[in-house]
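Participant: In the numbering used here, the protein residues as written are 442 to 855.
Every residue, glycine too, gets a C-beta built ideally from N, C-alpha and C.
None of the values given here were measured: they were computed from a predicted structure.
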Ligand code: GLA
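Here it is in structure tokens:
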């Protein structure tokens, strides 16, 4: 492993052992099993999921591990070393959405919320459970650490309650997993109070190892696109800026509200239906809404073009140049028109490009979190150093580097 890549992914065995040990210490009995789910990076297609657009995520090798045992009552008890919190008081019959009397404390909402959402979807009544969480998905890094919690819970509850929706990680039931995606998304939207689209949960549950997932958010249909950057001498470098990022703080919701308002003015159900950008620009008076729509419509076109490039042959020569341009344009559009970048993300992108990356962009919701750069494998270390130096000279805290190899979906680990 390259020394500059600090955030190593735990193996399945390591993660399962950590979660089991924690479970046994906290609850003085053994778990029935350990389930896990990955974080994700989105290669391109940002802030378009809730507009019906296409996205192209891969699952990270970094996963959240959940050791679980079902209970005979309706109580949920949770423990995690990373949050240094134990939550004992969740009653499935009393919990409810954020802002109501049954509100669940922060990180526990992602886990308990999935049980709540499955029941609302008519899959209950479910059994209560004890669970211990151990995760190596960087928290707050814009890499879907919360979706990893939701989706590890979804596959655990599926099996422990005999719902029969998930299949296995090796042989996933894609139709059943669409239902689990909806429960995980609902947990995040209603119980945790972050009004996100379905990109992260879909990636965590429906990605396959060695593939990127071409997700069409009009109907959440997917296509597996072979994604082996190593085969063409490339690596996808992920840089966690460690700048704080929260999707529940209002900015994300405001972008979403802008898109909904623009769609209403333009007379479309979702912005994916806008096929004449010039006409849309003329129809919108508000310069802010014009910028938002310009990002969404152009990002949808870029993502479709990127998916076509991936299908047209190995990312080499002029195809690589074209892909690089799409990644770069995506970032610039998110920075200038959508206004969801920040100084740290722009420093990563600027330094990566100056070091010769084939495209660099922020990934995920923005306002902090992570950026990605497509780099020649033999330039990985030099690029990471250049980014680290740029952070130092800007007086920023050191970023964290991950290597992104397209990995497998949520499932049982032990
Ligand atoms: C966050 C959300 C996703 C998506 C991205 C931006 O990750 O959870 O639903 O909107 O931001 O593409």
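1) DSSP puts residue 496 in a beta bridge; with which residues?
2) Beta strand (DSSP E) containing residue 643: first to last residue?
3) Just verifying my parser: in three-state terms, what is the DSSP assignment at residue 540?
4) Around the C-beta of residue 529, are 16 or more other C-beta atoms found within 10 angstroms, so that it is buried, or is it exposed?
5) Less than 8 angstroms between the CB atoms is what I'm expecting for residue 456 and residue 504, so what's the real figure, rounded?
6) Using a Cβ-Cβ cut-off of 8 angstroms (strictly less than) and excluding sequence neighbours within five positions of residue 819, which residues of its own chain qualify?
7) At a cut-off of 8 angstroms, is residue 693 close to ligand 1 when judged by its beta-carbon and the heavy atoms of the ligand?
8) Does DSSP put residue 723 in a helix, a strand or coil?
9) Which whole-angstrom value is the C-beta distance of residue 741 and residue 725, which I expect to be below 8 angstroms?
10) From residue 498 to residue 484, what distance separates their C-alpha atoms?
11) I think residue 539 touches residue 644, with their Cβ atoms under 8 angstroms apart; what is that distance to the nearest whole Å?
12) Sorted by chain position, which residues of the same chain lie with C-beta nearer than 7 angstroms to residue 776's C-beta, five sequence neighbours on each side aside?
13) Write down the C-beta distance between residue 709 and residue 494 rounded to the nearest angstrom, noting that I regard them as a contact closer than 8 angstroms.
14) Does the Cβ of residue 453 have 16 or more other Cβ atoms within 10 Å, making it buried, or fewer, making it exposed?
15) In the DSSP assignment, find the beta strand (DSSP E) that holds residue 479 and state where it starts and stops.
16) With a Cβ-Cβ cutoff of 9 angstroms, do residue 588 and residue 847 count as a contact?
17) By DSSP, does residue 661 sit in helix, in strand, or in coil?
18) Under three-state DSSP, which class holds residue 819?
19) Judging by CA-CA distance, which residue of 814, 460, 446 is the nearest neighbour of residue 854?
20) Is the beta carbon of residue 483 within less than 8 angstroms of some heavy atom of ligand 1?
21) Contact check, residue 835 vs residue 682 under 8 angstroms by CB: the rounded distance?
22) From residue 442 to residue 844, what does the alpha carbon distance come to, in whole angstroms?
23) Start and end of the alpha helix (DSSP H) containing residue 670?
24) Look at residue 569 and residue 533 and say whether their C-beta atoms are less than 9 angstroms apart.
25) Taking its Cβ as the centre, do 16 or more other Cβ atoms sit within 10 Å of residue 797, making it buried, or is it exposed?
Facilitator: According to the structure shown:
1) 656
2) Here residue 643 belongs to no beta strand (DSSP E); instead the alpha helix (DSSP H) covers 640-647.
3) coil
4) exposed
5) 6 angstroms
6) 674
7) yes
8) helix
9) Contact doesn't hold; Cβ gap of about 17 angstroms is too wide.
10) 5 angstroms
11) Actually they are not in contact, since the Cβ atoms of residue 539 and residue 644 sit about 24 angstroms apart, beyond 8 angstroms.
12) 782, 787
13) Contact flag wrong, Cβ pair sits at about 13 angstroms.
14) buried
15) 474-483
16) no
17) coil
18) helix
19) 460
20) yes
21) The Cβ separation is near 11 angstroms, so there is no contact.
22) Unreliable positioning characterises residue 442 in this predicted model, as indicated by a pLDDT of 49, which lies under 50. The coordinate reading is nonetheless provided below. Distance between the alpha carbons of residue 442 and residue 844 is about 10 angstroms.
23) First-last for residue 670: undefined, no H or E at that position.
24) yes
25) exposed
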